[in-house]
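Written below as structure tokens is the structure these notes are about.
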């Protein structure tokens, strides 16, 4: 600004000198030829000085502007980096507060799992590894295998549980997508006590189907039943978009350090609009023994399909055995729902309770066992409209809603389908293979076109 003033003053002084010079010439020489020559030279000199000042001012102004524009880009990246860092910190804070999944770098998860060294579970579409994050948080890192439906499994899990927040749902901490690769990773909280199947089924050597010899006390089984019912009721009723789990089974129910139940594994789940009543899929996926009849026959799945699966799990928690098993040497299926229906009508419900709990110091009570069995039998009604909602199941289990007498025995369509499969296998010359001794209570009896998965978050 000072330079500008100096140039303006200089121009005015030059003009003033020009006026004085012309006056002096006029007084000295008068109006003559010499006067005009000298006046012309003086005017030219003064105008030259003025033009030089103007040009100098214009060039200096452009230099100032250029210097300004060149310094801005030098300062802009630093300013933008600082602003970006501030926004990232705010976003990370919001993610932590709201529970939104975080995107992890592959290198970070590779280091957390010690290059995926400790395998704690494996299913048909994924493997799960134990790890510890830099902050010390133990995690279960699920690596979705590269297969035809790996992307669908990944999207299903993120869509179903990424926005869901419930105390009885396993917490999705984050995910990892490797660019230009089909590697997909999901990061879950690590659940201490593994899956429910290891706690309710006897060891295989003892004739059960679970992988462990631990026995969950009766009171904790009842509490776990309520926990799972609450989680499913939340998915069906309280989410912005309703979620169908479609693979409810003991392997997909985890027990934390306090033996609270957490529903896990949403690889087969479906997200429904609130105005939709059911979903129809071209491929039936799930686990034998837990699939609802309407889904098997192609009528589509609804929230009542999860209710059916829950009813089967509830019977298994009471009975301490798989719902379906091939009776050794008899060539026919033993179906727990049919046994339960007979026992409860005969008033002998304690005969179907897990024998490890009968007579124990804190064992099963007959009234409580009857209530759980009756609720389960209503849940597995073959007509979907006769099944209760999961919210009603919660009310019945907690005593806010009366549990009706056991329903009339249905046609047991599932048992008919299993027997038909067994007979067709025998007729095809596969009786020896079908009757070959297997581990009793196996959850995957005969693949037969169904997607029989094992738990992908289980410690088995």
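Residue numbers (this note's numbering): 549 to 1008.
Note that beta-carbon positions come from the ideal geometry of N, C-alpha and C, so glycine has one too.
Do residue j and residue i come within 9 Å of each other at the CB atom, strictly closer than that value?
{"i": "residue 705", "j": "residue 734", "result": "yes"}
{"i": "residue 1024", "j": "residue 833", "result": "For the chain, the structure presents residues 549 to 1008; residue 1024 sits outside this window and is missing."}
{"i": "residue 678", "j": "residue 749", "result": "no"}
{"i": "residue 1020", "j": "residue 801", "result": "Residue 1020 lies beyond the range of the chain shown here (549 to 1008); nothing can be said about it."}
{"i": "residue 708", "j": "residue 818", "result": "yes"}
{"i": "residue 911", "j": "residue 766", "result": "yes"}
{"i": "residue 803", "j": "residue 772", "result": "yes"}
{"i": "residue 568", "j": "residue 598", "result": "no"}
{"i": "residue 867", "j": "residue 888", "result": "yes"}
{"i": "residue 942", "j": "residue 777", "result": "yes"}
Helix, strand or coil, according to DSSP, for residue i in the structure here?
{"i": "residue 765", "result": "coil"}
{"i": "residue 798", "result": "helix"}
{"i": "residue 908", "result": "coil"}
{"i": "residue 733", "result": "strand"}
{"i": "residue 895", "result": "coil"}
{"i": "residue 722", "result": "strand"}
{"i": "residue 803", "result": "strand"}
{"i": "residue 758", "result": "Confidence at residue 758 is low in this model, with a pLDDT of 43, below 50, so the placement of that residue should be treated as unreliable; the coordinate-derived value is given next. If DSSP states are grouped into helix, strand and coil, residue 758 belongs with the strands."}
{"i": "residue 915", "result": "helix"}
{"i": "residue 789", "result": "coil"}
{"i": "residue 948", "result": "coil"}
{"i": "residue 704", "result": "helix"}
{"i": "residue 749", "result": "coil"}
{"i": "residue 738", "result": "coil"}
{"i": "residue 675", "result": "strand"}
{"i": "residue 953", "result": "coil"}
{"i": "residue 1057", "result": "Absent from the structure is residue 1057, since the part of the chain shown begins at 549 and ends at 1008."}
{"i": "residue 669", "result": "strand"}
{"i": "residue 715", "result": "coil"}
{"i": "residue 690", "result": "strand"}
{"i": "residue 648", "result": "coil"}
{"i": "residue 770", "result": "helix"}
Which term fits residue i, buried or exposed, when burial requires 16 or more other beta carbons within 10 angstroms of its beta carbon?
{"i": "residue 667", "result": "exposed"}
{"i": "residue 582", "result": "exposed"}
{"i": "residue 880", "result": "exposed"}
{"i": "residue 769", "result": "buried"}
{"i": "residue 840", "result": "buried"}
{"i": "residue 917", "result": "buried"}
{"i": "residue 683", "result": "exposed"}
{"i": "residue 931", "result": "exposed"}
{"i": "residue 953", "result": "exposed"}
{"i": "residue 835", "result": "buried"}
{"i": "residue 929", "result": "buried"}
{"i": "residue 923", "result": "buried"}
{"i": "residue 859", "result": "buried"}
How many whole angstroms separate the CB atoms of residue i and residue j, which I take to be in contact at a CB cut-off of 8 Å?
{"i": "residue 740", "j": "residue 805", "result": "4 Å"}
{"i": "residue 955", "j": "residue 926", "result": "6 Å"}
{"i": "residue 938", "j": "residue 809", "result": "The pair is not a contact, with the Cβ atoms about 14 Å apart (cut-off 8 Å)."}
{"i": "residue 722", "j": "residue 664", "result": "Actually they do not touch by this definition, with Cβ atoms about 16 Å apart."}
Compare the C-beta of residue i against all C-beta atoms of chain C and say whether one is closer than 9 Å.
{"i": "residue 926", "result": "This model lacks chain C altogether; it includes just one protein chain."}
Along the chain, which unbroken stretches of the beta strand (DSSP E) at least 3 residues long are found entirely within the region 813 to 889?
818 to 820, 872 to 874 and 881 to 883
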